[in-house]
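Residue numbers (my numbering): 69 to 283. Notes for the one structure printed next.
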Amino acid sequence: MERNTGLIVAMDVTRMDCAVEIAGEVAECVDAIKVGYPLVLSEGLSVLSRLADYAPVIADFKVADIPNTDELICEQVFKAGASGVIVHGFTGEDSLKACIGVARRYDGDIYVVSEMSHPGGARYFQPIADEIASMAYEFGATGIVAPATRPERVKHLRSIIGDGLSIISPGVGAQGGKASDVIAAGANWIIVGRSIYNSENPKETAMELVTGIGI
Ligand code: O7M
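Right, dumping it as structure tokens:
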């Protein structure tokens with residue numbers, strides 16, 4: 069993914085027409101559109117190729133299964149038009165390697181969730197986050213997902229993975245994180261959903277966020 073604005077929009081709406089309208093409005097302000105279960109379960113996998121007309125699509129399916137099943141899932145998702153897939157790391161290195169293997173065939177990206185942004189993410193995730201980040205580095209993932217709600221953790225996780233991997237970071241806006249803090253802590257991209265898609269003027273909000281990122 070090319071870094072122009074540093075902003076990824078999380079398209080957690082449940083209607084295709086709404087998603088397409090917002091994508092059209094914010095396309096020039098975002099480097100990617102993250103699509104997850106809410107939209108795909110509502111409108112089907114074809115939303116991936118539809119939204120890919122506006123910006124590269126990262127499929128947030130938090131893939132977390134045995135290697136064979138992970139491989140089958142990633143294959144479907146890349147074939148449907150995604151440029152990247154978000155996967156879990158707690159399933160272990162064999163599962164991660166299976167996902168990365170498929171991504172390489174499609175010249176795609178794999179992002180590994182290392183620590184989650186919500187308050188509960190501190191309980192089970194935080195104690196294993198360093199190991200997951202190390203594994204993502206060791207096996208050549210594209211990057212990790214780290215919490216904008218805890219910039220100090222982003223800084224720490226950046227020190228583990230070095231400069232070779234990207235950090236994409238959700239939690240700005242509705243969850244309380246601030247764009248400039250998380251970018252200063254070492255994130256390459258912020259992921260923002262509600263603040264943009266619930267805004268009266270999604271394009272204006274996206275532009276304000278890009279100014280806050282300050283690339
Ligand atoms: O800006 P929001 O809070 O409306 O949306 C944030 C998006 O990021 C939403 O799609 C979440 O599912 C996702 N997310 C988190 O909020 N926290 C995490 O720790 C991880 C993710 C995510 O994208 O995981 C890959």
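Each residue gets a CB set at the ideal place from its N, CA and C atoms; glycine is no exception.
#1: Mapping the DSSP letters down to three states, classify G92 as helix, strand or coil.
#2: Less than 7 Å between the C-beta atoms of G239 and P270, yes or no?
#3: Rounded to a whole number of angstroms, what is the C-alpha to C-alpha distance between E348 and G261?
#4: Tell me, which residues are paired with V278 by DSSP?
#5: From the DSSP output, in three-state form, read off Y179 for me.
#6: Say the cut is 6 Å; is the CB of D80 nearer than that to a heavy atom of ligand 1?
#7: Could you name each continuous alpha helix (DSSP H) segment of 4 residues or more that falls completely within the segment 179 to 244, going from the start of the chain to the end?
#8: With I76 and I126 assumed to form a contact (beta carbons below 8 Å), what rounded beta-carbon distance in angstroms separates them?
#9: Anyone know if the C-beta pair for P187 and S151 falls short of 7 Å?
#10: Helix, strand or coil, according to DSSP, for V98 in the structure here?
#11: Check whether the Cβ of D175 sits closer than 6 Å to any heavy atom of ligand 1, and report yes or no.
#12: What are the residues that DSSP puts in a beta bridge with G104?
#13: With distance defined between alpha-carbon atoms, name the residue in A190, A209, G244 nearest to D231.
#14: What's the C-alpha gap between L233 and F207?
#15: Indicate the three-state DSSP secondary structure (helix, strand or coil) for D155 in the structure shown.
#16: Taking 7 Å as the threshold (C-beta atoms), are A274 and V94 in contact?
#17: Going by C-alpha to C-alpha distance, which of P135, V145, G282, F129 sits closest to V250?
#18: State the Cα-Cα distance for the pair L119 and G112, rounded to the nearest angstrom.
#19: Just to check my reading of the structure: V115 and A87 have Cβ atoms closer than 8 Å, yes? What is that Cβ distance to the nearest angstrom?
#20: Given a threshold of 16 other Cβ atoms within 10 Å of its Cβ, counted over all protein chains shown, does T279 qualify as buried or as exposed?
#21: Going along the chain, which residues of its own chain have a beta-carbon closer than 6 Å to the beta-carbon of M243, five neighbours each way excluded?
#22: Rounded to whole angstroms, how far is the Cβ of M19 from the Cβ of V103, which I believe are closer than 8 Å?
To lay it out plainly:
#1: Here G92 carries a helix assignment [DSSP, helix/strand/coil].
#2: Contact check for G239 against P270 fails: the beta carbons are separated by 7 Å or more.
#3: The shown model of the chain, from 69 to 283, leaves out residue 348, and the question about it has no answer.
#4: In the DSSP output, where bridge partners are listed per residue, V278 has none listed.
#5: For Y179, the three-state secondary structure derived from DSSP is strand.
#6: Yes - ligand 1 has a heavy atom lying nearer than 6 Å to the Cβ of D80.
#7: Taking only runs of at least 4 residues, the alpha helix (DSSP H) segments lying wholly in the segment 179 to 244 are 194 to 206, 219 to 229.
#8: Going by Cβ atoms, the distance from I76 to I126 rounds to 7 Å, so yes, they are a contact pair.
#9: It is not a contact, given that the beta carbons lie outside the stated cut-off.
#10: The answer is coil: DSSP assigns V98 none of H, G, I, E or B.
#11: Within 6 Å of the C-beta of D175 there is not a single heavy atom belonging to ligand 1.
#12: According to DSSP, G104 bridges with D128.
#13: Out of A190, A209, G244, the CA that lies nearest to the CA of D231 is found in A209.
#14: For L233 and F207, the distance between alpha carbons rounds to 11 Å.
#15: The residue asked about is misnamed: residue 155 is Val in this sequence, not Asp. DSSP places V155 in strand when its eight states are reduced to three.
#16: With a cutoff of 7 Å on beta-carbon distance, V94 and A274 are scored as near each other.
#17: If we check each option's Cα against that of V250, G282 comes out closest.
#18: Cα-Cα distance, rounded: 12 Å.
#19: Their Cβ separation, rounded to whole angstroms, is 6 Å, which keeps V115 and A87 in contact under 8 Å.
#20: The residue in question, T279, is exposed, as its Cβ has fewer than 16 Cβ neighbours within 10 Å.
#21: The sequence shown places Gln at residue 243, not Met. Excluding the 5 residues flanking it on each side, Q243 has same chain C-beta neighbours closer than 6 Å at S185, T217, in chain order.
#22: Residue 19 falls outside the range modelled here, since the chain spans only 69 to 283, and no answer is possible.
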